[in-house]
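Numbering (the working numbering), first residue to last: 23 to 734.
Following: one structure in structure tokens, then a few remarks.
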Amino acid sequence: MRTSCLLIIMTLLLFEPPITSQASLPDQIQDSFLSPPMDCFPHTRWWWPGSAVTKDEITWELEQMRSKGIGGVEQISMGPVYEKGNIEYLSDEYLEMAKHTVAEAKRLGMEVSFNFGGPGWVIGGDWVPQEDRSKNLVPTQIDLKGPIVFDGPLPTELAEPSRSWEHKVPDIQATDPLVAVVAGRIEEGRIDPNSLVVLSDRAVGQSLRWEVPEGEWRLMAFWLKFTGQGAAVDHFDREAMIRYCEHVGGRYESVVGEEFGKTVDSFFCDSFEVSLVPNGIYWSTGLMEEFATRKGYDLTPYLPAVWQDMGEITPKIRYDVNEFLHEMGLEAFFDPFIDWCEEHGIKGRIQPYGFTTDNIEAAGRTHIPEMEITAGEKDAVPWFDTRIGPKKYVSSGAHLYGRNIVTTEAYTYLHWRPFRSTLEELKIASDIYFRTGCNKIYHHGYVFHPERDISLAPSSDSAMRIDPTNVWWDYYPHLSSYLARCCHLLRQGHFTADIAVYSPLANQWTKDVLNARRWTRDFDWGSLGKLLVANGYDFDLLNDDTLQNRATVEDQQIWVGDLGYKIILLPNIEAAPLETLQFIEQFVREGGVAIALERVPDQSVGLTDWREKDEEVRDLVEPLFTDPIGRDGVGEREVGRGWTYYIKKVIDRSDVLDWRSSALDPFIKVLRHHVRPDFGIDFARAGIRENNGLTFVHRVVGDSDLYFVTNI
Numbered sequence: 023m024r025t026s027c028l029l030i031i032m033t034l035l036l037f038e039p040p041i042t043s044q045a046s047l048p049d050q051i052q053d054s055f056l057s058p059p060m061d062c063f064p065h066t067r068w069w070w071p072g073s074a075v076t077k078d079e080i081t082w083e084l085e086q087m088r089s090k091g092i093g094g095v096e097q098i099s100m101g102p103v104y105e106k107g108n109i110e111y112l113s114d115e116y117l118e119m120a121k122h123t124v125a126e127a128k129r130l131g132m133e134v135s136f137n138f139g140g141p142g143w144v145i146g147g148d149w150v151p152q153e154d155r156s157k158n159l160v161p162t163q164i165d166l167k168g169p170i171v172f173d174g175p176l177p178t179e180l181a182e183p184s185r186s187w188e189h190k191v192p193d194i195q196a197t198d199p200l201v202a203v204v205a206g207r208i209e210e211g212r213i214d215p216n217s218l219v220v221l222s223d224r225a226v227g228q229s230l231r232w233e234v235p236e237g238e239w240r241l242m243a244f245w246l247k248f249t250g251q252g253a254a255v256d257h258f259d260r261e262a263m264i265r266y267c268e269h270v271g272g273r274y275e276s277v278v279g280e281e282f283g284k285t286v287d288s289f290f291c292d293s294f295e296v297s298l299v300p301n302g303i304y305w306s307t308g309l310m311e312e313f314a315t316r317k318g319y320d321l322t323p324y325l326p327a328v329w330q331d332m333g334e335i336t337p338k339i340r341y342d343v344n345e346f347l348h349e350m351g352l353e354a355f356f357d358p359f360i361d362w363c364e365e366h367g368i369k370g371r372i373q374p375y376g377f378t379t380d381n382i383e384a385a386g387r388t389h390i391p392e393m394e395i396t397a398g399e400k401d402a403v404p405w406f407d408t409r410i411g412p413k414k415y416v417s418s419g420a421h422l423y424g425r426n427i428v429t430t431e432a433y434t435y436l437h438w439r440p441f442r443s444t445l446e447e448l449k450i451a452s453d454i455y456f457r458t459g460c461n462k463i464y465h466h467g468y469v470f471h472p473e474r475d476i477s478l479a480p481s482s483d484s485a486m487r488i489d490p491t492n493v494w495w496d497y498y499p500h501l502s503s504y505l506a507r508c509c510h511l512l513r514q515g516h517f518t519a520d521i522a523v524y525s526p527l528a529n530q531w532t533k534d535v536l537n538a539r540r541w542t543r544d545f546d547w548g549s550l551g552k553l554l555v556a557n558g559y560d561f562d563l564l565n566d567d568t569l570q571n572r573a574t575v576e577d578q579q580i581w582v583g584d585l586g587y588k589i590i591l592l593p594n595i596e597a598a599p600l601e602t603l604q605f606i607e608q609f610v611r612e613g614g615v616a617i618a619l620e621r622v623p624d625q626s627v628g629l630t631d632w633r634e635k636d637e638e639v640r641d642l643v644e645p646l647f648t649d650p651i652g653r654d655g656v657g658e659r660e661v662g663r664g665w666t667y668y669i670k671k672v673i674d675r676s677d678v679l680d681w682r683s684s685a686l687d688p689f690i691k692v693l694r695h696h697v698r699p700d701f702g703i704d705f706a707r708a709g710i711r712e713n714n715g716l717t718f719v720h721r722v723v724g725d726s727d728l729y730f731v732t733n734i
């Protein structure tokens, strides 16, 4: 049996905090620890298959949840399972059931959150008009050998799906809008950027006549194509999203609006699982013109670089397209949804990943950002999960942008089959969420089913069944009360850490546009997460928006609000915005510490003035860092009042400690030279080479320090 140690209250009682009211802070926290508020108890995703529900069963299931310490529900309608009794989503009958749900939840002191679309979790519905549905920009191509006269139809054959998120659709149809036609000469396997010819104005319908010059040429047509994924709303059309919010939100407001911000605490958007056409990128009507307005140049002749190599300008164009889609995703999707919620007194809760936007900034735009991914997913026992993934991106965004509540979709795929997990495994998995920054649990979940027989209950292989069908249901209150106490205490004060890790998103934006569905844009974090956490250092990921627009340097630290960071890491960064690197240089010269891992940056981002900016980056970086030397391979340089280090073989290791013990690891030695671990372990006395599970979270509450300590 694994053990956990919860030291929060014990740690707080060692300090003498200021008096904040009639009771001292420790007394207040001790009281709330013994009796946490209901919104801190775990909530659950509540599937309604086909919305085939009845008022009596709604009442019974809510009472069951409440009796076992579940504090609220996230209702989501799914496709039909039953032959009879199904109710159309958002119909008057459905809304009557939603109204009854809210009334019963209010009676029981529970919260309700509604999924903002359906059936299913993708934001959309069959009421969305065709013109408001999701679209992609997709290329077709044909190779030609000149000199010849090409006179015929443009290529219309789409690629076959090659990625799990790509959705097979028919080839280009007569109704699919043509966005651009571009040709370029192929030289040594790549398109020569100096040869590009825009042929859009020569196209008649879907045909073209063109005198092909001598040489090998690639003719590419670019089309706007509906994804064909049900009725997903266009996430890049602000007006379409506004209409969507007014329809869905308005339907709920008509029956439960008086409980917005009370019993109905939030509307929910799941992770962005909007399909892509094979070889397509997210796009919408009018984005070519908008790109030109924002970036100052016409993207049309450079479109081939999104998909194919065009030499040294390729990463510059890909960065610009990715940054543009990030901006449009925030302005067209996040802002209308969040604005609608604010105008109607309710919060928006979003899983902000799997999309074109920066996960960190998107989490910060969200009232309640949510994470997921269970350690041990895919049928394994939960483990010491130190991966830098969606959980860390989301919690970092919450910390940096002042969002105190971070929820999680918990236990999805803890096992492949619903009834295999134990309460012990759920407890371990929960501690991992807490360690990463979560302080509110949403189970995945509870299936609405009037049957009392397990074999007849509709189910999902991805679902962790926390409901009366599970053999340990009667014992679940032991876990729910533990989760409530942890969640309440982990909302007190603010997170603190000494290490800032620069987010590599700008670097990744230079490499690929087609991988927007990848949660970390294919960046390999390697061993970095474990090296830091297992050796007593917690951290936040800092994005470009924060470093350029919101951070300051004071007392040899990077400050973002109440958060102070003493060291910044640059993890295998090849390209970064010049403005970000200028801030890091300022931080070092004023007494800070910067550590470049694997390499130092030598490229700027973006097409405009790229040669000059590349040179400025190199001129800035060269005197800032020195090459690694010696047995440990550490390059050390004093710069102004601060220090820089360049260390290789930190991220790219098959063994997290690269044959050394923690005490001898060169990277850990550098960290300890400047900042003592926040959570120290004497490895020699413990007789271990490295830490494989004892971990912590540190929060500051006034003048007190609060630690959550667990052995996973």
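Positions of the beta carbon are idealized from the N, C-alpha and C atoms, including for glycine.
Values in this document were obtained by computation on a predicted structure and should not be read as measured data.
Check, Outcome
"Could you check how far apart the C-beta atoms of residue 678 and residue 620 are, in whole angstroms? I think they sit under 8 Å.", "Not a contact, Cβ separation roughly 15 Å."
"Leaving aside the five residues before and after residue 718 along the sequence, list all residues of the same chain whose C-beta is less than 6 Å from its C-beta, in chain order.", "701, 729, 731"
"Alpha carbons only, please: which of 230, 553, 359, 354 is nearest the one belonging to residue 308?", "354"
"Can you check whether the CB of residue 519 is closer than 8 Å to the CB of residue 546?", "no"
"CB-CB under 7 Å to residue 650, same chain, minus the five flanking residues each way: which ones, in chain order?", "656, 657, 668, 669, 670"
"Identify, in the order they occur along the chain, each residue of the same chain with its Cβ nearer than 7 Å to the Cβ of residue 411, setting aside the five sequence neighbours on each side.", "395, 541, 542"
"Identify the residues that DSSP records as bridge partners of residue 291: which are they?", "372"
"Measure how close the beta-carbons of residue 618 and residue 610 come, nearest whole angstrom, since I'm counting them as under 8 Å.", "At roughly 11 Å, the Cβ-Cβ gap does not stay under 8 Å, so residue 618 and residue 610 are not in contact."
"Just tell me which of 565, 489, 727, 131 has its CA closest to the CA of residue 522.", "565"
"With a CB to CB cut of under 6 Å and the five nearest residues on each side skipped, what residues in its chain are close to residue 43?", "Low confidence applies here, because residue 43 scores a pLDDT of 39, under 50, leaving its location unreliable and the question unanswered by this model."
"How do the stretch 372 to 384 and the stretch 416 to 433 stand: do at least 3 beta-carbon pairs fall below 8 Å, yes or no?", "yes"
"So the beta strand (DSSP E) residue 467 belongs to, where does it begin and stop?", "462 to 469"
"Go through the stretch 595 to 634 residue by residue and report every complete run of the alpha helix (DSSP H) that reaches 4 residues or more, in order.", "600 to 611"
"Could you tell me whether the stretch 168 to 185 touches the stretch 306 to 323, where touching means 3 or more Cβ pairs closer than 8 Å?", "no"
"Does DSSP put residue 222 in a helix, in a strand, or in coil?", "helix"
"Taking only beta-carbon positions, decide if residue 394 is within less than 8 Å of chain B.", "Given the protein chain composition of this structure (a single chain), no chain B is represented."
"Considering only C-alpha positions, which residue in the set 624, 441, 142, 471 is nearest to residue 77?", "471"
"Provide the residue span of the beta strand (DSSP E) that contains residue 507, from first to last.", "From DSSP, residue 507 is part of no beta strand (DSSP E) but of the alpha helix (DSSP H) over 498 to 511."
"So the candidates are 426, 451, 511, 241; which of them puts its Cα closest to the Cα of residue 387?", "426"
"Contact between the stretch 149 to 163 and the stretch 256 to 267: three or more CB pairs below 8 Å?", "yes"
"How about residue 468 and residue 453: are their beta carbons less than 8 Å apart?", "no"
"Candidates 572, 568, 612, 176: which alpha carbon is nearest residue 161's?", "176"
"Express the C-alpha separation of residue 204 and residue 226 in angstroms, rounding to a whole number.", "14 Å"
"Residue 729 lies in the beta strand (DSSP E); which residues open and close that run?", "726 to 733"
"What runs of the beta strand (DSSP E), each 3 residues or longer, lie entirely inside the stretch 219 to 258?", "229 to 248"
"Pop quiz: residue 93 and residue 133 are said to be a contact at Cβ under 8 Å. What is the actual Cβ separation, rounded to whole angstroms?", "6 Å"
"Just tell me which of 550, 526, 641, 210 has its CA closest to the CA of residue 595.", "526"
"Report the start-end ranges of each alpha helix (DSSP H) in the stretch 276 to 344 that is 4 residues or longer and not cut off at the edges.", "309 to 317, 326 to 329"
"With a threshold of 16 other CB atoms inside 10 Å of the CB of residue 497, please say whether the residue is buried or exposed.", "exposed"
"For residue 636 versus residue 625, is the C-beta distance shorter than 8 Å?", "yes"
"Exposed or buried, which one is residue 45 when buried takes at least 16 other CB atoms within 10 Å?", "Residue placement at residue 45 cannot be trusted, given a pLDDT of 43 that sits under 50; what the coordinates show is reported in the next sentence. Exposed, because fewer than 16 other Cβ atoms sit within 10 Å of the Cβ of residue 45."
"Go through its chain and collect everything with a Cβ distance to residue 110's Cβ below 8 Å, but skip five positions before and after it.", "73, 116"
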